[in-house]
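See below for the structure under consideration.
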Amino acid sequence: MHEVSLGQTIQDYLTGDELEMTTYEDLRQGLARMLVEEKGYPKEKVIPKVEIKYDVDDKPFSRNVDLLVYDDQGKPVLALLFCSGTPESYTREAVYAGRLVPEGPTSLVVVTDSKDARLLRTMDGKVLDSGFAAIPSWDALQKLLRDNPAPKLDPARVLREQRVFYMYSGFLESCCGKTCPEP
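For the sequence shown, the working numbering assigns the number 37 to the initial residue and increments by one for each residue that follows.
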């Protein structure tokens, strides 16, 4: 997701840290608040802006997952990503992100535009549910995790997944050629 600074700061709901306000930060904050206050997620299990970082052709590449949910053992289990278009247009990209998160892959991914959402199985990209109500409660997530294990990725597959995710992420720069101010 391509973010642009709005020249203000905001207090992060999850960490309490002061953050630069960007075009998407209010959405990230609202989703974090909903997960904790309405869906019952333990606040300490939801981490914002987790970086996926690796090299492509000896050049550093990084991209953030908007929110990453961890289980009681500290393993990432659910990645949540915002998209600037319809969620169904971003399902493949979101699945690749879920497969490449640090210490992952996750079992599940949610991609949302803040009006609609898709809950996806990371193993094969299958849409498990649609609509904003598709974002599971903490209790429902536990059952979903039992029924939908995280995929096992060998090193060769990880390299292929990284390259494809990199290509998807390249489309984010097309609006302004990365000339917008960085958040």
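We put the beta carbon where it would ideally sit given N, CA and C, even for glycine.
### Query
If you draw a straight line from the alpha carbon of residue 146 to that of residue 104, how long is it in whole angstroms?
10 angstroms
### Message
Could you give the first and the last residue of the continuous beta strand (DSSP E) run that contains residue 58?
### Response
54-58
### Query
Does the Cβ of residue 148 have 16 or more other Cβ atoms within 10 Å, making it buried, or fewer, making it exposed?
buried
### Message
Here's a check: name, in chain order, each residue in its chain whose Cβ is nearer than 8 angstroms to the Cβ of residue 185, leaving out the five neighbours to either side.
### Response
143, 159
### Message
So within the segment 62-126, which uninterrupted beta strand (DSSP E) runs reach at least 3 residues, ignoring any that extend past its ends?
### Response
82-92, 95-106, 112-118
### Task
Could you have a look at residue 186 and say whether DSSP puts it in helix, strand or coil?
coil
#### Entry: Residue span of the beta strand (DSSP E) that contains residue 6, given as start and end
Outside the shown range of the chain (37 to 219) lies residue 6, about which nothing can therefore be said.
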